[in-house]
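Following: one structure in structure tokens, then a few remarks.
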Amino acid sequence: MSNSSENEVESLPQIIEEKHQELVVRHVPIVSSFNERIRPLLDAVDKLRHLQIVRKINEKLNASISELNRMPKTLSSVSEALTTFMGIVGSAKESLNKIIVRGEYDEYPEDKNMHCTARLVEMLNQYSGELRKCSENDLTGNFLMDEIQVLEEAKGIQLPNFLPRSTFLAILQKKVEKISHIPVAFVEKVWTYIEGVVISVLMHHSENYLQLQLSTRRAGHNLIARMKEHSRNWVTEIVQMEKLTDYTSNPEYMNDWNKLMAQQHDFTRDVLEKVYITTFKIEGLGEVPIAGLRGYEQHVLLQAFDLKMRMTAYWKIVLRRLVDFMALHLQFCARNLVNKEMEEEIVQELAGRHDGAIERMLEESPAVAAKREKLNVSIKLLRESNNVLANIMDKIASNI
Numbered sequence: 005m006s007n008s009s010e011n012e013v014e015s016l017p018q019i020i021e022e023k024h025q026e027l028v029v030r031h032v033p034i035v036s037s038f039n040e041r042i043r044p045l046l047d048a049v050d051k052l053r054h055l056q057i058v059r060k061i062n063e064k065l066n067a068s069i070s071e072l073n074r075m076p077k078t079l080s081s082v083s084e085a086l087t088t089f090m091g092i093v094g095s096a097k098e099s100l101n102k103i104i105v106r107g108e109y110d111e112y113p114e115d116k117n118m119h120c121t122a123r124l125v126e127m128l129n130q131y132s133g134e135l136r137k138c139s140e141n142d143l144t145g146n147f148l149m150d151e152i153q154v155l156e157e158a159k160g161i162q163l164p165n166f167l168p169r170s171t172f173l174a175i176l177q178k179k180v181e182k183i184s185h186i187p188v189a190f191v192e193k194v195w196t197y198i199e200g201v202v203i204s205v206l207m208h209h210s211e212n213y214l215q216l217q218l219s220t221r222r223a224g225h226n227l228i229a230r231m232k233e234h235s236r237n238w239v240t241e242i243v244q245m246e247k248l249t250d251y252t253s254n255p256e257y258m259n260d261w262n263k264l265m266a267q268q269h270d271f272t273r274d275v276l277e278k279v280y281i282t283t284f285k286i287e288g289l290g291e292v293p294i295a296g297l298r299g300y301e302q303h304v305l306l307q308a309f310d311l312k313m314r315m316t317a318y319w320k321i322v323l324r325r326l327v328d329f330m331a332l333h334l335q336f337c338a339r340n341l342v343n344k345e346m347e348e349e350i351v352q353e354l355a356g357r358h359d360g361a362i363e364r365m366l367e368e369s370p371a372v373a374a375k376r377e378k379l380n381v382s383i384k385l386l387r388e389s390n391n392v393l394a395n396i397m398d399k400i401a402s403n404i
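With this note's numbering, you'll find the sequence shown wraps up at 404, consecutive numbering, no jumps.
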């Protein structure tokens, strides 16, 4: 409540009484000048005016009472302070469950940054798009040149039509390494966003107890830092696993590879026989340049094409795994953060440091104490004003 509003409230009973006396004095000559029947009309006008004042006073009174009720109650013991603290943690936990886990945002309808599940889906879609975009040029640019180079370096004393597994792994590792920074950057981005949401909710629920906010904020930052490190380690392991093993049980791999390999005969024919053709359209890949491949022998082209199609079919599986596993990991970690880790971290931060944060809750901050006193004074004066008006209206009613 502003200073001007406080001054108005403090002088309200006196102003009301003075205005009433002015009205009485002002009406006397009118009543003496006109028929006595005019007096009830004037009193009715006074009553209406007073009713309007009563309505405004009641609005201010109700607003002040509501604000006072929203203020934290004065704590008188450590047990009360501890109960209040656990209530704050519990309410923050429920809010975060709604925002991060269940996707409800009724507490923050206008703040889209707090619509957490929607924002996480947006970030996950962007992450998926970045992975695909980073790999697009590998499919058609310098077509088969990487495969041919790897095959040349993998030559050994062996059957000429044998495709070594090491060639596939060499290309796979190169492709995975190229995109390895994207998952790491993504988990950093996601946890930075979640950190902002968590700290915002914790500060909101502890706003009436400034003594708690420093410890609560520190606990939130420490917890998110630990979760971020855990996700970083996890995603690094996932990337390393993709480098070391070429495996999938997904039947789509064989289906896609067979469809691509069905075009191998036409591809090699156009490369070796149709010298006037510079591109070849592969269903599932698009137009690829072939003019630079005419200097290679047929068995090299066949092996390189096979290797490329295997990688093309398998790479879809790899990218899908990196996205799906990331989504599952984040959902699991977010639930764990809200339902287990957060409460333990905050309690440990306050209880483990022995810095008296709970005990300091018994000492109401000067700002809160001053606000409580102002509200109590305002409520008292507004009630007095209501009583003065009630007396005036009773007098008016007796004259009507």
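Ideal Cβ positions, reconstructed from N, Cα and C, are used throughout, including at glycine.
Environment of residue i [buried if 16+ CB atoms lie within 10 Å]
i    : result
L282 : Here the sequence assigns Thr to residue 282, which means Leu is not the residue at that position. It is exposed - the Cβ of T282 has fewer than 16 other Cβ atoms within 10 Å.
F336 : exposed
D260 : buried
P187 : buried
E349 : buried
A223 : buried
K178 : exposed
R387 : exposed
K64  : buried
S389 : buried
Cβ separation of residue i and residue j, assumed to be a contact under 8 Å, to the nearest whole Å
i    : j    : result
L155 : Q267 : Actually they are not in contact, since the Cβ atoms of L155 and Q267 sit about 20 Å apart, beyond 8 Å.
K312 : E151 : 5 Å
T78  : E368 : 6 Å
A96  : H209 : 4 Å
Straight-line Cα distance separating residue j from residue i
i    : j    : result
Q56  : A394 : 12 Å
L264 : G288 : 7 Å
W195 : L326 : 17 Å
A67  : Y112 : 22 Å
G91  : V202 : 17 Å
P168 : F190 : 34 Å
E181 : F284 : 29 Å
K232 : A338 : 11 Å
K159 : N165 : 11 Å
H31  : I396 : With a pLDDT of only 48 at H31, under 50, the local geometry of the prediction cannot be trusted, and the value read off the model is given with reservation. Straight-line Cα distance between these residues: approximately 15 Å.
Y318 : A229 : 35 Å
H298 : L124 : Correcting the residue identity first, residue 298 is Arg in this sequence and not His. Spanning the two alpha carbons is a distance of roughly 48 Å.
V405 : E246 : Shown here, the chain extends from 5 to 404; a query on residue 405 therefore has no answer.
L72  : M346 : 30 Å
K278 : E301 : 15 Å
W238 : M118 : 26 Å
Opening and closing residue of the alpha helix (DSSP H) in which residue i lies
i    : result
F166 : Premise fails: F166 is in no alpha helix (DSSP H) and is neither H nor E.
T88  : V82 to L100
V275 : Q268 to E277
K184 : Before going further, note that residue 184 is Ser rather than Lys in the sequence given. Element bounds for S184: n/a, residue is neither H nor E.
Q302 : Q302 to N340
N254 : Looking at the DSSP string, N254 is not in any alpha helix (DSSP H), and its letter there is neither H nor E.
Boundaries (first-last residue) of the beta strand (DSSP E) holding residue i
i    : result
E291 : G290 to P293
Contact test: residue i Cβ vs the ligand NAP heavy atom, cutoff 7 Å
i    : result
E348 : Because no ligand of any kind appears in the structure shown, any question about the ligand NAP cannot be addressed here.
Three-state secondary structure (DSSP) of residue i
i    : result
T283 : strand
R30  : Interpretation of R30 is limited by its pLDDT of 49, a score under 50 that renders its predicted location unreliable; the figure taken from the coordinates is listed afterwards. Correct three-state label for R30: helix.
F190 : helix
K384 : helix
M245 : helix
F147 : coil
L354 : helix
M75  : coil
K159 : coil
N390 : helix
P113 : coil
H208 : helix
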